[in-house]
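Report on the following structure.
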Amino acid sequence: MAQHHDAASALLADLRSRRPSDPAVWVLSGLLYVDTDRLHLAEMAAERAIGLDPRHFRAQVLHVTVLQFRWRLRAAIAAYQAAIRLAPSDPISVELESVIAELERRLR
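Each number in the working numbering corresponds to the 1-based position in the sequence shown with 421 added.
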(Lines of atoms letter the chains of each structure in order from A and count residues from 1; the text may use other names and numbers.)
(Lines give C-alpha, C1' and ligand atoms only; values in the text may rest on other atoms or scores of the structure.)
Protein backbone atom coordinates (compact mmCIF):
# COMPACT_ATOMS: atom_id res chain seq x y z
CA MET A 1 0.00 0.00 0.00
CA ALA A 2 2.84 2.40 0.81
CA GLN A 3 4.11 2.08 -2.77
CA HIS A 4 0.74 3.19 -4.08
CA HIS A 5 0.69 6.13 -1.71
CA ASP A 6 4.22 7.10 -2.75
CA ALA A 7 3.30 6.95 -6.44
CA ALA A 8 0.10 8.94 -5.86
CA SER A 9 1.98 11.48 -3.78
CA ALA A 10 4.54 12.02 -6.53
CA LEU A 11 1.84 12.35 -9.19
CA LEU A 12 -0.13 14.83 -7.10
CA ALA A 13 2.97 16.89 -6.31
CA ASP A 14 3.58 17.16 -10.05
CA LEU A 15 -0.05 18.12 -10.68
CA ARG A 16 0.03 20.75 -7.92
CA SER A 17 3.10 22.35 -9.51
CA ARG A 18 1.57 22.31 -13.00
CA ARG A 19 -2.02 23.15 -12.05
CA PRO A 20 -1.89 25.10 -8.76
CA SER A 21 -5.21 26.83 -9.48
CA ASP A 22 -7.19 23.62 -9.99
CA PRO A 23 -9.26 22.88 -6.88
CA ALA A 24 -9.72 19.25 -7.95
CA VAL A 25 -5.97 18.67 -7.66
CA TRP A 26 -6.06 19.99 -4.10
CA VAL A 27 -9.07 17.82 -3.27
CA LEU A 28 -7.28 14.73 -4.55
CA SER A 29 -4.23 15.70 -2.53
CA GLY A 30 -6.39 16.12 0.55
CA LEU A 31 -7.97 12.72 0.06
CA LEU A 32 -4.51 11.16 -0.06
CA TYR A 33 -3.57 13.02 3.12
CA VAL A 34 -6.70 11.70 4.85
CA ASP A 35 -5.87 8.18 3.68
CA THR A 36 -2.38 8.49 5.12
CA ASP A 37 -3.62 10.05 8.39
CA ARG A 38 -2.12 13.49 7.77
CA LEU A 39 -5.21 15.44 8.73
CA HIS A 40 -3.46 18.77 9.16
CA LEU A 41 -2.26 18.60 5.54
CA ALA A 42 -5.69 17.40 4.41
CA GLU A 43 -7.31 20.41 6.06
CA MET A 44 -4.82 22.75 4.40
CA ALA A 45 -5.50 21.15 1.00
CA ALA A 46 -9.26 21.47 1.50
CA GLU A 47 -8.91 25.11 2.51
CA ARG A 48 -6.75 25.77 -0.55
CA ALA A 49 -9.34 24.16 -2.84
CA ILE A 50 -12.15 26.14 -1.21
CA GLY A 51 -10.12 29.32 -1.54
CA LEU A 52 -9.83 28.65 -5.27
CA ASP A 53 -13.52 27.81 -5.65
CA PRO A 54 -15.82 28.27 -2.64
CA ARG A 55 -18.61 26.43 -4.48
CA HIS A 56 -16.54 23.30 -5.19
CA PHE A 57 -18.73 20.62 -3.62
CA ARG A 58 -16.02 17.96 -3.25
CA ALA A 59 -13.70 20.47 -1.59
CA GLN A 60 -16.42 21.31 0.92
CA VAL A 61 -17.04 17.62 1.61
CA LEU A 62 -13.31 17.01 2.11
CA HIS A 63 -13.13 19.92 4.54
CA VAL A 64 -16.08 18.61 6.52
CA THR A 65 -14.63 15.11 6.59
CA VAL A 66 -11.45 16.48 8.13
CA LEU A 67 -13.45 18.45 10.71
CA GLN A 68 -15.29 15.29 11.67
CA PHE A 69 -12.11 13.20 11.90
CA ARG A 70 -10.57 15.89 14.10
CA TRP A 71 -13.65 15.70 16.40
CA ARG A 72 -14.80 19.23 15.66
CA LEU A 73 -18.37 17.95 15.49
CA ARG A 74 -20.37 21.19 15.80
CA ALA A 75 -18.29 22.79 13.06
CA ALA A 76 -18.67 19.63 10.98
CA ILE A 77 -22.47 19.70 11.23
CA ALA A 78 -22.64 23.32 10.07
CA ALA A 79 -20.18 22.63 7.26
CA TYR A 80 -22.07 19.51 6.15
CA GLN A 81 -25.26 21.57 5.97
CA ALA A 82 -23.48 24.21 3.88
CA ALA A 83 -22.08 21.55 1.55
CA ILE A 84 -25.54 20.05 1.04
CA ARG A 85 -26.90 23.48 0.09
CA LEU A 86 -24.29 23.62 -2.71
CA ALA A 87 -25.45 20.37 -4.31
CA PRO A 88 -28.68 19.09 -2.78
CA SER A 89 -29.28 16.59 -5.60
CA ASP A 90 -25.81 15.05 -5.44
CA PRO A 91 -26.00 11.44 -4.18
CA ILE A 92 -23.41 12.25 -1.54
CA SER A 93 -25.76 14.86 -0.07
CA VAL A 94 -28.20 12.11 0.90
CA GLU A 95 -25.41 10.32 2.75
CA LEU A 96 -24.39 13.57 4.42
CA GLU A 97 -27.88 13.98 5.86
CA SER A 98 -27.48 10.67 7.71
CA VAL A 99 -24.01 11.68 8.91
CA ILE A 100 -25.45 14.94 10.28
CA ALA A 101 -28.13 12.98 12.16
CA GLU A 102 -25.48 10.72 13.70
CA LEU A 103 -23.28 13.65 14.73
CA GLU A 104 -26.25 15.43 16.29
CA ARG A 105 -27.08 12.23 18.20
CA ARG A 106 -23.51 12.09 19.54
CA LEU A 107 -23.71 15.67 20.76
CA ARG A 108 -26.88 15.10 22.82
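Even for Gly, the Cβ is constructed at its ideal location relative to N, Cα and C.
- Task: Could you name the residues of the same chain whose beta carbon sits closer than 6 Å to that of L489, not counting the 5 residues immediately before and after it, in chain order?
- Result: On the sequence shown, position 68 is the one that residue 489 refers to. Looking at the sequence shown, residue 489 is not Leu but Gln. Result list for Q489: A497, in chain order.
- Query: Leaving out the 5 sequence neighbours to the left and right, which residues in its chain are closer than 7 Å to L452 when beta-carbon positions are compared?
  - Reply: The count along the sequence shown starts at 1 and reaches residue 452 at position 31. These residues qualify, in order along the chain: L483.
- Ranges of the alpha helix (DSSP H) found wholly within the segment 434–461, counting only runs of at least 4: 444–456
- Item | Endpoints, alpha helix (DSSP H) assigned at R495 | The count along the sequence shown starts at 1 and reaches residue 495 at position 74. Segment L494 to L507, the alpha helix (DSSP H) holding R495.
- Query: Quick one, which of S442, R439, A500 and H426 has its alpha-carbon nearest F478's?
  - Reply: Your numbering for residue 478 matches position 57 in the sequence shown. Measuring from the Cα of F478, the nearest candidate turns out to be A500.
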